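In what follows, a single structure is set out as structure tokens and then discussed.
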DNA sequence: CTGATCTACAACCATTTGGTTGTACGTTAG
DNA sequence: CTAACGTACAACCAAATGGTTGTAGATCAG
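Written as structure tokens, this is what we have:
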């Protein structure tokens, strides 16, 4: 069927990005405020490079953006990725509602 | 901090489960109708065992349920997992709205 | 009863993931 | 200018992931 190959891998990256507690925390924080990469790194019990990788994963998933400011890199939440993830889950919710509606129909005519 | 360790790994499993196109497709189909494991397996260009594993991942994430019927196993969509995933993304959306509200406040008093 | 079917699960393999350390390079502070 | 800082990236490693084949136990059909 090959249903929208591009969107599929985009969704893979999105949900993969959400599937890690450190990354979810980074998204939260970077949405509330502004953080440098090392500012974020200071928050977790892992190396700077590990956090840097997490940020890179989030950036590829459009869940954060990075903006260079002098020698620092400012990390901010990016609404775009979140919206896309929510849109998919909304589709699934819609499928559930249609299913419920069909059940109701069957009961009504039965 | 150890914020709700249980829920965290539950969310890991949930989003990890969504991070694969075959699994997303299985959830869709199993929500619309009923499928046996081999009925699902027939739909994809991979082995029965591979599909079986995907179903197991979805089951652990509460995105589908399995019910034994004779020698068959009926796979159905499970609303529970979807709801939990949606609830998390709604939290994140809420954070965005709060952020937007704060921005508006700053502009208003400025 | 016997053979085909459906499922489960183990063992294996290649690739990806999530972490590490080390090196290099631009930028800022003193 | 020089030292410290912030970042990027490569190389490496262990564990997890996504796939395979093969074996075995239930259950159903003829």
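Residue numbers (the numbering used here), protein chains in the order written: chain F, 1 to 110; chain X, 1 to 110. The beta-carbon is built from N, C-alpha and C at its ideal position, and this holds for glycine as well. All values derive from a computational prediction rather than experimental measurement.
Review point. Since residue 36 of chain X sits in a beta bridge, which residues does DSSP pair it with?
Key: By one-based count along the second chain, residue 36 of chain X stands at place 36. Partner(s): X:74.
Check your understanding: Could you give the residue range of the alpha helix (DSSP H) that holds residue 9 of chain F?
Key -> By 1-based counting over the first chain, the position of residue 9 of chain F is 9. Residue 9 of chain F -> alpha helix (DSSP H) spans 5–18.
Review point. At least one CB of chain F closer than 8 angstroms to the CB of residue 12 of chain X: is that the case?
Key: By one-based count along the second chain, residue 12 of chain X stands at place 12. Yes, residue 12 of chain X lies at the interface with chain F (some Cβ there is under 8 angstroms from its Cβ).
Exercise for review: Inspect the CB distances between the segment 41–58 of chain X and the segment 93–100 of chain X and report whether three or more fall short of 8 angstroms.
Suggested key: no
**Study point:** Cβ contact check for the segment 32–51 of chain F and the segment 67–78 of chain F: 3 or more pairs under 8 angstroms
**Key:** yes
Practice item. Please name the residue in X:106, X:61, X:86 and X:78 whose C-alpha comes closest to that of residue 9 of chain X. Key: Residue 9 of chain X sits at position 9 when you count from the first residue of the second chain. Checked all of X:106, X:61, X:86 and X:78; the closest Cα to residue 9 of chain X is X:61.
Exercise for review: Would you decide whether residue 18 of chain X is buried or exposed? Buried here means 16 or more other CB atoms lie within 10 Å of its CB.
Suggested key: As a working note, residue 18 of chain X is residue 18 in the second chain. Result: buried.
Review point. Does any CB atom of chain X fall closer than 8 angstroms to the CB of residue 28 of chain F?
Key: Taking the first residue of the first chain as position 1, residue 28 of chain F is located at position 28. True, the Cβ-Cβ gap to chain X drops below 8 angstroms.
Check your understanding: Closer than 8 angstroms, CB to CB, is residue 32 of chain F near chain X or not?
Key -> As a first step, residue 32 of chain F must be located in the first chain, where it is residue number 32. Closer than 8 angstroms: yes.
Check your understanding: Any beta-carbon of chain X closer than 8 angstroms to the one on residue 79 of chain F?
Key -> Start at 1 with the first residue of the first chain, and residue 79 of chain F comes out as number 79. Interface residue, yes.
Point to revise | Sub-8 angstroms separation of residue 29 of chain F and residue 35 of chain F beta-carbons | key: Counting from one through the first chain, the residue named residue 29 of chain F turns up at place 29. Counting from one through the first chain, the residue named residue 35 of chain F turns up at place 35. Yes, Cβ-Cβ distance for residue 29 of chain F and residue 35 of chain F is below 8 angstroms.
Point to revise | Within chain F, the residues that residue 16 of chain X reaches when beta carbons sit closer than 7 angstroms | key: Locating residue 16 of chain X in the second chain gives position 16, counting from the first residue. Correct list: 19.
Practice item. Please report the Cβ distance between residue 6 of chain X and residue 82 of chain F, rounded to the nearest whole angstrom; I am assuming they are in contact, meaning their Cβ atoms lie under 8 angstroms. Key: The residue labelled residue 6 of chain X in the question sits at position 6 within the second chain. The residue labelled residue 82 of chain F in the question sits at position 82 within the first chain. Actually they do not touch by this definition, with Cβ atoms about 24 angstroms apart.
**Study point:** Of the listed residues X:49, X:32, X:45 and X:44, nearest to residue 64 of chain X (C-alpha basis)
**Key:** Here residue 64 of chain X refers to the residue found at position 64 when the second chain is read from its first residue. That would be X:32, whose Cα lies nearest to the Cα of residue 64 of chain X.
**Study point:** Selected residue, minimal CA-CA separation from residue 48 of chain F, among F:22, F:84 and F:87
**Key:** For the purposes of this step, residue 48 of chain F is identified with residue 48 of the first chain, where counting begins at 1. Per the Cα distances, F:22.
Check your understanding: Taking the DSSP output, what are the residues bridged to residue 69 of chain X?
Key -> Working through the second chain from its first residue, we reach residue 69 of chain X at position 69. Note: residue 69 of chain X sits in a beta bridge opposite X:72.
Check your understanding: Can a CB atom of chain F be found closer than 8 angstroms to the CB of residue 85 of chain X?
Key -> Numbered from 1 along the second chain, position 85 holds the residue referred to as residue 85 of chain X. Closer than 8 angstroms: yes.
Review point. Does the separation of the CB atoms of residue 93 of chain X and residue 86 of chain F fall below 8 angstroms?
Key: Start at 1 with the first residue of the second chain, and residue 93 of chain X comes out as number 93. Start at 1 with the first residue of the first chain, and residue 86 of chain F comes out as number 86. Yes. Within cutoff.
Review point. Can you list, in chain order, the residues of its chain whose CB lies under 6 angstroms from that of residue 80 of chain X, leaving out five sequence neighbours each side?
Key: If you number the second chain from 1, residue 80 of chain X lands on position 80. Cβ neighbours of residue 80 of chain X beyond the five flanking positions: 62.
**Study point:** Beta-bridge pairing of residue 27 of chain F - partner residues as DSSP gives them
**Key:** For this step, residue 27 of chain F is matched to residue 27 along the first chain. DSSP, once it has assigned bridges, lists no residue as partnering residue 27 of chain F.
Check your understanding: Do residue 20 of chain X and residue 12 of chain F have their CB atoms nearer than 8 angstroms?
Key -> Here the question's residue 20 of chain X lines up with position 20 in the second chain. Here the question's residue 12 of chain F lines up with position 12 in the first chain. Cβ distance < 8 angstroms, so residue 20 of chain X and residue 12 of chain F count as in contact.
Review point. Hey, how far is the Cα of residue 14 of chain F from the Cα of residue 103 of chain F?
Key: Taking the first chain and counting its residues from 1, the one referred to as residue 14 of chain F is at position 14. Taking the first chain and counting its residues from 1, the one referred to as residue 103 of chain F is at position 103. Between residue 14 of chain F and residue 103 of chain F, the C-alpha separation is close to 33 angstroms.
Check your understanding: Checking contacts by CB at 8 angstroms: is residue 35 of chain X closer than that to chain F?
Key -> Here residue 35 of chain X corresponds to residue number 35 of the second chain, with the count starting at 1. Output row for residue 35 of chain X: interface = no.
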